[in-house]
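Notes to accompany the following structure.
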Amino acid sequence: MLLIKNQYSPIEVFSEAVDDAYEILCIDMDSAGNTIRLLVVYRAPNCPGDKSEQLFKAISDMLACNAPCIITGDFNLPDIIWTEVPQATFRTSKSFINMCRSHCLKQFVNDPTHDNHVLDLILTTDKNLVKNIQVKAPLGCSDHASLAYHVNIMKKANNFIISKDFKHADFVSAKEYLNQIDWYGSLSQVQSVDEKYEMFISILKHCIELFVPSKRISLETPKFPPYIHKLFCQRSTLWQKAMYEKSESSFTRYRILNDRFMKKLNKYNGSVEKNVIESGDRHAFYKFLNSRLRPKQKPPGLENDNGEKINDDLEKAELFADTFERYFSPCTTHFVIESKNLFPQMNDSLWFNHDEVYENLVKWSNCYSRTPDDVPFVFIKEMACEITGPLTFIFNLSFMRAEVPKKWKHSLVTPVPKKPPFHKANNYRPISITSIFARLFEKILKKRIVHHLESNTIISQHQHGFQRGKSTVTAMLSALNDWTQVIENGKGLDVIYFDFAKAFDSVVHDKLMTKLYQVGLHHRIVKWIEAFLSNRTFQVCINQRYSSIRNVHSGVPQGGVLSPILFNIYTYELPELITSEGIGCIAFADDIKIYSSIQNEEDTRKLQEAIGLVEKWSHQWNLPLSVEKTKALSMGSKEQSTYTLCSLPIPKVNEILGIE
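Here it is as structure tokens:
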């Protein structure tokens, strides 16, 4: 395992693990615009000779680069005497020395790291690359000494940021200031909804500047308390003394203090966990839990399509923006309503009332991400009573005019890893962070839309995504229930797992409007959604560096409040189209699987026809299917059939997908 700060933009070059033989990890990291290659190696004591040669060959291959290299790790070659001209007894060790000579490697560790042997090494291709090598006390319960050294690289500046200190804000004065504002008189001075909203936001920002002080926040890793640090220093001192004296009593004193240090450290970590749990702060609890279960990882160094390495944060943001921009479908002509209402139409429009806006605002879960408005949520929540009036006024005006503030149509996109390798930008999913006020508007509007959809049973019962009382669990249980009945009756079963490529980003706005009218949404709601989705923009943010603004031509924002409901409406008829042909269907948003019992060729033909039906639907509604990711599963005692999608055979799998 290798831990390295994200500021050095690590890129994994190579990794390999051979059981009972060796492990090797190679990464490139950025140092002030220059690349340094770092190899971490573990060679087992009983590693066979041929595997050792394989390891040395891998190291040699990784050293064949223009970048300076550092190799460190436990090589378990105790017979090597590391002098200016290293000497060894055994063949494997001699082979390792020859490899070091061929690459002009300099070895820096001269003191024993385990018993009286130098097993752990630091080698470099440049003797000036490392300095201050120290053999220090073992880490934790390890029986090997630890190695500490400095790498001569340029340290990036600005290890702090300036932020507003809301814990020491004068909220009383801020509320008095906002209560003195003639909101309606001020907002009436400008005409458009966007201008009114910009004035509203500028007043809030000015209030923050007046009554919220600034503070400096360090970006360094939080330090342990002084008593832990003191014990750590004492532990290191005793280790150095024990290594110098080579006496059993010295090592005994070290082991006693090390046990004490580990107990104190574990107790401290336990107290941190206990304090979080007993605080009653749900956000702090889940933040802590996620930090342990899913440590937050910022994008490492990237590679563009030409294989060029990208380490600068701004260049990374631009590369992600280029990648995500390609996900969107081209614009089509302005939509035309081609179908009559297929469901009862909403009779009433929508009106945002003061109490509903206030209630939703004060109950809103805490959020800490920066939004396009750049007004922190902690301030919004404190000022909820003071700002609800003007906010409700803007909400109603936006809805009645079908005018949407520009900031509501802008997203700050965070790249979230989907699958390795993580140095490829197309292996990330764009998650949109939008205006809190836009999300509040969407939430109230969503409640009205969901009521209409549920009252008229518009969304198929086979759709389990974003439906009240349904989830991935109910989707899987429904499928397993159907499949078990088929197999228990002695029949075969075939399942097709469909994968829509970039489904949320591919929704065509014109065609979505047609669907919204078909399901009977009020024309004012449709007009507002059309305005909300048109002319959208986004920027990618990496470590507070922002890409240029890009245009969004299709799709619904991933992470948007309305987006899941809009996607369900866009695909509302697909499950019923499939089940009407006698084929089973279970959907969770864009994850759709169809299945059928198979007893003869006629059953196979019907399932293939259903596949063709899905293919035709995807072309009609511009939601492309990923042939490579669509899979077929056969269960039960029967010959496996071959199915095709887009004239290509669907790959087979041997396990139920979606169960971990």
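When the sequence shown is numbered by the working numbering, its final residue is 667 and no position is left out of the sequence of numbers. Even for Gly, the Cβ is constructed at its ideal location relative to N, Cα and C.
Where residue i and residue j are concerned, what is the direct C-alpha to C-alpha distance, given to the nearest angstrom?
i      : j      : result
Leu523 : Tyr49  : 60 angstroms
Asp27  : Lys64  : 18 angstroms
Glu580 : Leu460 : 13 angstroms
Ser376 : Val547 : 13 angstroms
Ala486 : His361 : 44 angstroms
Gln141 : Tyr251 : 13 angstroms
Leu126 : Asp81  : 6 angstroms
Ile344 : Leu519 : Unreliable positioning characterises Ile344 in this predicted model, as indicated by a pLDDT of 45, which lies under 50. The coordinate reading is nonetheless provided below. Each residue's Cα considered, the two are about 10 angstroms apart.
Asp57  : Val158 : 33 angstroms
Asn53  : Pro233 : 42 angstroms
Lys453 : Lys182 : 30 angstroms
Thr90  : Asp118 : 11 angstroms
Ser153 : Ile235 : 19 angstroms
Ile556 : His430 : 23 angstroms
Ser418 : Ile593 : 32 angstroms
Asn403 : Lys425 : 39 angstroms
Val219 : Thr120 : 54 angstroms
Val179 : Ala391 : 13 angstroms
Glu202 : Leu349 : 38 angstroms
Along the beta strand (DSSP E) that carries residue i, what are the first and last residues, could you check?
i      : result
Gly29  : Just to set this straight, residue 29 is Tyr in the shown sequence, not Gly. That run of the beta strand (DSSP E) goes 29 to 38.
Ser545 : Looking at the sequence itself, residue 545 is Phe, so the reference to Ser does not match. Looking at the DSSP string, the run of the beta strand (DSSP E) that includes Phe545 is 543 to 549.
Arg50  : 41 to 50
Lys638 : 638 to 642
Leu128 : 127 to 131
Thr421 : 417 to 424
Tyr191 : Here Tyr191 belongs to no beta strand (DSSP E); instead the alpha helix (DSSP H) covers 190 to 194.
Classify residue i as helix, strand or coil using the three-state DSSP reduction.
i      : result
Arg260 : helix
Ile284 : helix
Asn661 : coil
Gln141 : strand
Val526 : coil
Asn488 : helix
Met390 : coil
Ile4   : Absent from the structure is residue 4, since the part of the chain shown begins at 8 and ends at 667.
Thr479 : helix
Ser604 : strand
Leu84  : coil
Ser221 : strand
Asp597 : coil
Phe21  : strand
Glu255 : helix
Gly499 : strand
Phe350 : coil
Val559 : strand
Asp506 : strand
Ser16  : coil
Ends of the alpha helix (DSSP H) at residue i?
i      : result
Asp57  : 56 to 70
Ile208 : 200 to 218
His626 : 608 to 627
Leu460 : 443 to 462
Ser243 : 233 to 252
Ile585 : 581 to 586
Ser180 : 178 to 186
Pro571 : 570 to 577
Val369 : 361 to 369
Leu136 : No alpha helix (DSSP H) holds Leu136; DSSP gives it neither H nor E.
Leu9   : Looking at the DSSP string, Leu9 is not in any alpha helix (DSSP H), and its letter there is neither H nor E.
Can you tell me the Cβ-Cβ gap for residue i and residue j, rounded? I've got them flagged as a contact below 8 angstroms.
i      : j      : result
Asn575 : Gly472 : 7 angstroms
Leu84  : Ser100 : 5 angstroms
Ala538 : Val411 : 5 angstroms
Asp489 : Gly591 : 6 angstroms
With a 10 Å radius around its C-beta and 16 neighbouring C-beta atoms as the bar for buried, classify residue i as buried or exposed.
i      : result
Asn276 : exposed
Gln474 : buried
Ala482 : buried
Tyr191 : exposed
Gly308 : buried
Thr340 : Bear in mind that a pLDDT of 47 at Thr340, under 50, signals an unreliable position, so the number given afterwards is only what the model happens to contain. The residue is exposed, with fewer than 16 neighbouring Cβ atoms inside 10 Å.
Trp358 : exposed
Glu667 : Confidence at Glu667 is low in this model, with a pLDDT of 48, below 50, so the placement of that residue is unreliable and no value is reported for it.
Gln196 : exposed
Thr611 : buried
Asp122 : exposed
Ser633 : exposed
Val533 : buried
Consider the Cβ of residue i: report whether some Cβ of chain B lies at a distance smaller than 7 angstroms.
i      : result
Ala508 : Of the protein chains in this structure there is only one, and it is not chain B.
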